[in-house]
Every structure is written in C-alpha cells, then in structure tokens.
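Mapping of the sequence shown onto our numbering: residues 501 to 722, in sequence order.
Working notes, structure below.
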Amino acid sequence: MKAYVQDYIISHNLANSGTPILVACSGGIDSMVLCDVLLKLQYKIAIAHCNFQLRNEESNDDEKFIAQFASKNKLPFHTIKFDTKAIKQEKNISTQMVARELRYEWFEKIRKENHYHKIAVAHHLDDQIETILLNLSKGTGIQGLAGMNPRNEFIIRPLLEISRQQIINYASENKIEYREDSSNASDDYQRNKLRHHVLPVLKEINPDLGNTMRAFIERMND
501 MKAYVQDYII
511 SHNLANSGTP
521 ILVACSGGID
531 SMVLCDVLLK
541 LQYKIAIAHC
551 NFQLRNEESN
561 DDEKFIAQFA
571 SKNKLPFHTI
581 KFDTKAIKQE
591 KNISTQMVAR
601 ELRYEWFEKI
611 RKENHYHKIA
621 VAHHLDDQIE
631 TILLNLSKGT
641 GIQGLAGMNP
651 RNEFIIRPLL
661 EISRQQIINY
671 ASENKIEYRE
681 DSSNASDDYQ
691 RNKLRHHVLP
701 VLKEINPDLG
711 NTMRAFIERM
721 ND
C-alpha cells in the first residue's frame with residue numbers, strides 16, 4: 501500500500517518529500533493509517549486535531565491519544581476545542597456542516613501561520629463512493645459524479661484510491677493503534693446510512709465495486 505500511495509502522490513503532484521504537510525487527524529483508523537504511511541514514506545508532517553466536544557469525555561480522550569502519538573513521534577501538534585453545539589444553534593445548520601466549516605477554516609489558519617505547504621486529509625475510496633451516491637441522490641451533474649478531487653488548492657487526499665478494507669488490513673498488519681468513534685455506529689448521519697445499508701448491498705451486487713467505481717470516476721473526470 502505504501503508504494504501505491506507514493507505513486508499516487510507523485511502522479512497527481514500532491515506533495516514533495518521535503519515540504520512540510522499538516523495532517524488532519526481525528527484519531528480514527530483512516531487518519532492514523534495516513535499518518536503512518538506518510539511517516540514511513542519519510543514525508544515531513546505535523547498533526548492537527550479538532551476537538552468538537554460532541555462526545556463528552558470520549559472527545560477529550562481522542563485529543564489525549566493524538567497528543568501522545570505526536571509526542572512519541574516528535575511531531576508538531578496543533579489542537580483546538582470548538583463549542584460545536586452552540587455554533588450549530590447560532591448558524592442554524594447541521595452538525596456535520598458546521599464541523600466541516602470550523603475544521604477547514606482552522607486548518608487553513610494553521611497552515612498559513614506555520615508555512616505548511618499542504619493539508620492532508622484521510623478521505624478514501626469508500627468515502628469517495630459515498631460522496632458520489634449522496635450527490636446522485638440529491639441531483640447532480642458530471643462534476644458531482646466525478647466525486648472529490650485528489651487535490652483542492654492546499655487540501656490533498658493521498659488515500660483517495662485506497663479502499664476501507666485495504667486500510668483495515670494495513671492497520672492490522674502494522675499494528676496501528678487508533679480510536680473508534682462511537683458516532684460511526686449511528687444512522688443519524690446521511691453517510692452512515694449509506695455506509696451501513698446501501699454500500700453492503702451494492703458490494704453484494706458487484707463484489708468488485710471499488711475497481712468499478714475507480715474506472716467510473718476516471719471516466720467522469722475525463
């Protein structure tokens with residue numbers, strides 16, 4: 501997987517090995533695998549973590565876990581706490597939307613202040629498929645069917661063609677420690693409904709769904 505990610509970074513001109521990268525890290529399996537891969541590929545990284553204070557002590561434990569990881573690996577560590585519930589009420593938008601706005605605004609602020617060249621996020625192939633299905637369900641054009649880009653200005657997605665199962669396998673083989681977000685088990689969020697109920701059926705219909713969607717995304721981008 502490391503070689504595949506390295507080839508993907510090079511082919512899409514996402515980053516150079518000597519330039520500093522800020523990695524958005526929740527503590528979950530996806531972002532911890534991203535950190536491990538980038539470290540083993542000898543990229544110069546720093547860690548950024550948002551504590552949205554939505555899961556009480558569990559959120560604080562996530563922050564502590566990532567702080568320990570950064571300290572152990574001698575990585576610069578940036579963290580912030582948001583009163584997400586209060587901001588959500590003030591803006592009258594969904595929890596997911598307000599969290600997205602808060603984290604990307606803060607990531608960009610940290611990037612500028614510390615002269616990081618890129619912000620790496622851990623979106624993977626299953627996230628990409630979910631994005632396309634969400635876009636399709638709400639009505640979209642070709643751009644929506646093309647999904648997320650490998651790069652949007654300073655945001656890069658090195659794992660975008662890596663499946664969730666590949667990430668799970670890598671974490672198991674390399675003994676990657678991570679935190680499990682309890683909210684992932686809930687159907688309160690649209691993505692979770694797709695993840696729990698739609699994607700498993702699609703994979704029953706087409707066991708090679710990941711490769712099929714990779715080819716489909718490539719055609720849409722062309």
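Glycine is no exception: its CB is placed at the ideal position from the N, C-alpha and C atoms.
- Per DSSP, lysine 675 has no beta bridge partner at all.
- With contacts defined as CB atoms closer than 8 angstroms, leucine 539 and asparagine 573 qualify as a contacting pair.
- Taking the Cα positions, isoleucine 717 is about 15 angstroms away from histidine 512.
- Under the Cβ criterion (8 angstroms, minimum of three pairs), the segment 606 to 617 does not count as touching the segment 663 to 680.
- The C-beta distance from cysteine 550 to leucine 602 rounds to 7 angstroms, short enough to fall under 8 angstroms.
- For lysine 638, the uninterrupted alpha helix (DSSP H) run begins and ends at 625 to 638, by DSSP.
- In this structure serine 594 is exposed. Its beta-carbon is surrounded by fewer than 16 other beta-carbon atoms within 10 angstroms.
- A straight-line Cα-Cα distance of about 20 angstroms links glycine 644 and isoleucine 662.
- Taking tyrosine 504 as the centre and dropping the five residues before and after it, the same chain places the C-beta of Glu661 and Ile662 closer than 8 angstroms to its C-beta, in chain order.
- In this structure, aspartate 536 lies near asparagine 674, with their beta-carbon atoms less than 8 angstroms apart.
- The Cβ atoms of proline 658 and alanine 620 lie closer than 8 angstroms to each other.
- The Cβ atoms of alanine 646 and methionine 720 sit closer than 8 angstroms to each other.
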